[in-house]
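In the UniProt record's numbering, the protein residues as written are 1 to 213.
Note that the Cβ used here is the ideal one computed from N, Cα and C, for glycine as well.
This one's a predicted model, so the numbers in the text were calculated from it and none came from an experiment.
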């Protein structure tokens with residue numbers, strides 16, 4: 001991915017496109033991202049798929065033996081998936097790529113964890129629009145601020161992949177104009193949300209919400 005010397009483009013229509021990150025072939029020792037075989041193909045693919053494509057020009061053997069190509073490729077993925085960390089240097093990428101499903105909390109720095117969460121969600125709900133579906137991210141529900149209870153207790157696990165989403169839910173509910181009263185959060189010192197099963201067993205309903213016994 002060499003630095004671009006072309007004028008930085010504008011996107012007056014504000015149309016956002018999906019992002020494809022491509023790694024060329026060649027056994028890690030021949031070909032580059034600029035080889036006609038790959039470059040011409042990706043130009044056609046971008047036009048047909050209406051997508052933004054980042055073609056990674058990783059370093060090759062024998063001058064740069066493996067795992068250097070792997071490291072370069074992983075660096076490219078993190079670079080492309082974290083536009084905010086670039087400080088807006090790549091205007092063309094920030095301007096054209098659809099970043100609507102923004103990472104929540106530490107998801108931006110835990111790409112593998114976010115990918116696992118996203119893939120697991122699509123596995124159990126294949127008809128979903130993605131990780132911003134209100135079924136998994138209720139903050140996106142247009143009726144979110146109309147939640148029909150007066151008190152909310154959010155339970156999360158310290159090392160769970162979904163921890164930051166729990167905190168995000170709490171903070172967004174507090175800022176949503178919700179008519180209810182208190183929003184509290186309980187964070188357990190555990191690896192996963194199995195603690196929620198134990199907490200639910202300790203909770204008992206009351207006339208205005210749930211009480212922890």
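| Asked | Found |
| --- | --- |
| For residue 68, collect the residues of the same chain with a Cβ closer than 6 angstroms to its Cβ; drop the 5 residues on either side in sequence, then sort them by chain order. | 59 |
| Out of 45, 50, 167 and 33, which one is the CA nearest neighbour of residue 97? | 50 |
| If you draw a straight line from the alpha carbon of residue 131 to that of residue 115, how long is it in whole angstroms? | 10 angstroms |
| What span of residues does the alpha helix (DSSP H) with residue 91 cover, start to end? | 91 to 96 |
| Just the Cα atoms here: how many angstroms apart are residue 80 and residue 54? | 8 angstroms |
| Taking DSSP's pairing of strands, which residues face residue 19 in a bridge? | 52 |
| Taking the alpha-carbon of residue 77 as reference, which of 64, 66, 57 and 92 has the nearest alpha-carbon? | 57 |
| Quick check: the segment 151 to 159 against the segment 112 to 129, are at least 3 beta-carbon pairs closer than 8 angstroms? | no |
| Determine the DSSP secondary structure at residue 136, reduced to helix, strand or coil. | coil |
| Determine whether the beta carbon atoms of residue 158 and residue 187 lie at a separation below 7 angstroms. | yes |
| Nearest-angstrom Cα distance between residue 146 and residue 178? | 6 angstroms |
| With DSSP collapsed to three states, give me the class of residue 153. | strand |
| Out of 34, 37, 33 and 173, point me to the one whose CA is closest to residue 149's CA. | 173 |
| Within the same chain, show all residues whose beta-carbon is closer than 7 angstroms to that of residue 28, passing over the 5 residues directly before and after it, in chain order. | 60, 61, 66 and 69 |
| Pull up the CB-CB distance for residue 169 and residue 138, whole angstroms please, since I reckon it's below 8 angstroms. | 7 angstroms |
| Identify which residue in 25, 140, 22 and 16 has its Cα closest to the Cα of residue 165. | 140 |
| Does DSSP classify residue 68 as helix, strand or coil? | helix |
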